[in-house]
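Residue numbers (the numbering used here), protein chains in the order written: chain A, 36 to 363; chain B, 36 to 363. Note that beta-carbon positions come from the ideal geometry of N, C-alpha and C, so glycine has one too.
This is the structure:
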């Protein structure tokens, strides 16, 4: 029996489960759909979690699971953390999985559920002390002090967050229609957005937008063309990227203030598709942080968030062993 | 047999059909759900149209329909106007309705379909020459010259329009979360929005917002509390109303310029829940128009839009009679 831990990263689009040896070597991966309890039903969340876990361990019949850390989107509340914990217990209780648990595995102590922001922070900073700004389809800023005090800023959903890829896409569509109406000057975005959407005139965008199956991530995908137009010098595109960067910077600044990081060294981890792929946004935020919150060092995430879940699982497992967790 | 015309107002939420004598006296009304072809399927649109028409004429078995004017949301395109025309023909062809048609009724000449903006303009200004700004759940500005040249600005949907009740509600929710995060000062909106949504803390708004059954009109309904907070002097609420007013004014100004109304007398009709109920928005727009586009006289709509449909139907019927429309 090879001792291992599971790290789970649950998001609004996909869920990843990784199996790691106690040395930190990843020996199995599984992937499934969304497990955000705000977006999917309990049954859906359980099915997708089970799919990712089973796929990750499928090639290893001789595993002994010591600890599980699940970093899940939508678990900012105790209720949703408890729900995910319960679902993982139910999955582990399946006859096909029960034999894989370590003899010391106690579901009430060896499963740790936290928001996906926490595992992303750990994946980037190596420790929980710091700030993480994630901007993909959605956006959120989360920070934690050395004493474990957490602060969340934003992350309230597409409708409200102004630092997200969705917002970049929405503003791009708005810029196209403003230009079409004569409310704004012509912009390179018009042709680029129409090409991306496969349309031949701006007024058809209204039908495109109202398609019932249009997902938030399809709107967020337009962030790519905003980036291209901005690189070509388009003013409307540059304004959008500046606006979104400034909103993210404001959220980071508020988090830093609430955590008293203005006077304490800390790392800021930038993650998510927007911050990874759009240099203009990343640079603007980093330079504002350098100028105004000099105690903070900005880095770009270069490990997958699930690696943060594995790191937490390994550390918590060591703690459990040290504390002599009673056998079941 | 009493000769009559039908006026239909089709919107995103409800559809109204009114039967009028040739003297303009309304003798029957019917109401049903949405008939916006961008929001509902062809079958749904037909069912709702039929319901409103049948209800309107149900107490009058001795009618003779001379003309129908349907002012419908979502018919900015020829394709959707043709669709509505076809559906009305199909309804009139029902055995229960066929006997109600005037012997001169020729479907290809006696049915007129136009956007709901046109009937609202006519209901307010009495003529088609002028500008109408509608701000309810959505927003749109439409103007027409004395020569029948039409110009539309905005009206691209909740996601994009910045002069709507939906946008006021969205900005109110955003203001509450910004204040909760510490990104903005406290605002009266927090308690008012929570009371309206039946919640006890701001962080629960995220679940409220993500409810799959949350309609755009529920978000637009928050415009009421923004108005109340603004009246009490709340800065965040006032900023929201100013922002939305300025967006509407910009659209009006662009329409006036494109129609060359800066130098020609014209009426601006203000309509929809936001412009009817929120004095601060109405006044700000009216005073900006007075200051910058002095040739335009601003009025508030005080007849239902369906009355504009009746007026158009009556006028077009007279034209048809004059032109001696051939009998079927």
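Contact under 8 Å by Cβ, residue i with residue j
i	j	result
residue 269(B)	residue 223(B)	yes
residue 91(A)	residue 53(A)	yes
residue 346(B)	residue 157(B)	yes
residue 87(B)	residue 148(B)	no
residue 244(A)	residue 208(A)	yes
residue 68(A)	residue 83(A)	yes
residue 334(A)	residue 324(A)	no
residue 103(A)	residue 348(A)	yes
residue 159(B)	residue 322(B)	no
residue 154(B)	residue 205(B)	no
residue 258(A)	residue 309(A)	yes
residue 286(A)	residue 218(B)	yes
residue 77(A)	residue 118(A)	yes
residue 212(B)	residue 249(B)	no
residue 80(B)	residue 129(B)	no
residue 167(A)	residue 289(A)	no
residue 216(B)	residue 192(A)	no
residue 214(A)	residue 231(A)	no
residue 271(A)	residue 326(A)	no
Paired residues, beta bridge with residue i - DSSP
i	result
residue 45(A)	50(A), 107(A)
residue 368(A)	Coverage of chain A is limited to positions 36 through 363, which leaves residue 368(A) absent and any answer about it impossible.
residue 301(A)	331(A)
residue 168(B)	176(B), 305(B)
residue 136(A)	100(A)
residue 39(A)	56(A), 100(A)
residue 365(A)	Because chain A in this structure spans residues 36 to 363, residue 365(A) falls outside the shown range and cannot be described.
residue 61(A)	55(A)
residue 187(B)	177(B)
Cβ shell of residue i (< 8 Å), same chain only, five flanking positions each side left out
i	result
residue 363(A)	Because residue 363(A) carries a pLDDT of 49, less than 50, the predicted location of this residue cannot be relied on, and the following value inherits that uncertainty. For residue 363(A), where only same-chain residues beyond five positions count, the Cβ hits under 8 Å are 138, 139, 140, 141.
residue 319(A)	276, 277, 280, 281, 284
residue 372(A)	What the structure shows of chain A is the stretch from 36 to 363, and residue 372(A) is not part of that stretch, so it cannot be assessed.
residue 227(A)	260, 263, 264
residue 97(B)	36, 37
residue 133(A)	127
residue 236(B)	229
residue 49(A)	66, 67, 68, 69
residue 234(B)	240, 243
Spatial neighbours of residue i in its chain, beta-carbon cut-off 7 Å, leaving aside the 5 residues before and after
i	result
residue 164(A)	179, 180, 181, 301
residue 151(B)	44, 45, 46, 106, 107, 108, 340
residue 267(A)	223
residue 299(B)	330
residue 94(B)	63
Own chain, CB closer than 6 Å to residue i, minus 5 neighbours either side, in chain order
i	result
residue 101(A)	38, 40, 137, 352
residue 313(A)	262
residue 341(B)	42, 44, 51, 53
residue 85(B)	126
residue 116(A)	110, 148
residue 252(B)	172
residue 75(A)	69
residue 354(A)	none
residue 357(A)	none
residue 57(B)	38
residue 273(A)	265
residue 336(A)	159, 304, 306
Short CB-CB distance (under 8 Å) between residue i and chain D
i	result
residue 300(A)	The displayed structure is made up of protein chains A and B, and chain D is not among them.
Contact test: residue i Cβ vs the ligand COA heavy atom, cutoff 7 Å
i	result
residue 249(A)	No copy of the ligand COA appears in this structure; indeed no ligand is present at all.
Query raised in the report: Got a sec: which bits of the region 281-295 of chain B sit with their beta carbon under 8 Å from any beta carbon on chain A, in order along the chain?
Result: 285, 286, 289, 292, 293
Report task. Taking only beta carbons into account, state which residues of the region 184-200 of chain B come closer than 7 Å to chain A, listed in chain order. Result -> 188, 189, 191, 192, 194, 195
**Report entry** Contact list for the region 200-215 of chain A against chain B, Cβ threshold 8 Å
**Finding:** 205, 208, 209, 212
Query raised in the report: Which residues, in order along the region 118-150 of chain A, keep a beta-carbon less than 9 Å from a beta-carbon of chain B?
Result: none
Query raised in the report: Within the chosen definition, does the region 188-203 of chain B reach the region 165-179 of chain B through at least 3 CB pairs nearer than 8 Å?
Result: yes
Query - Residues of the region 218-243 of chain B with Cβ closer than 8 Å to any Cβ of chain A, in chain order - result: 218, 238, 240, 241, 242
Query raised in the report: Closer than 8 Å, Cβ to any Cβ of chain A: which residues of the region 71-92 of chain B, in chain order?
Result: 73, 74
Query raised in the report: Which residues, in order along the region 242-276 of chain B, keep a beta-carbon less than 9 Å from a beta-carbon of chain A?
Result: 242, 244, 245, 254
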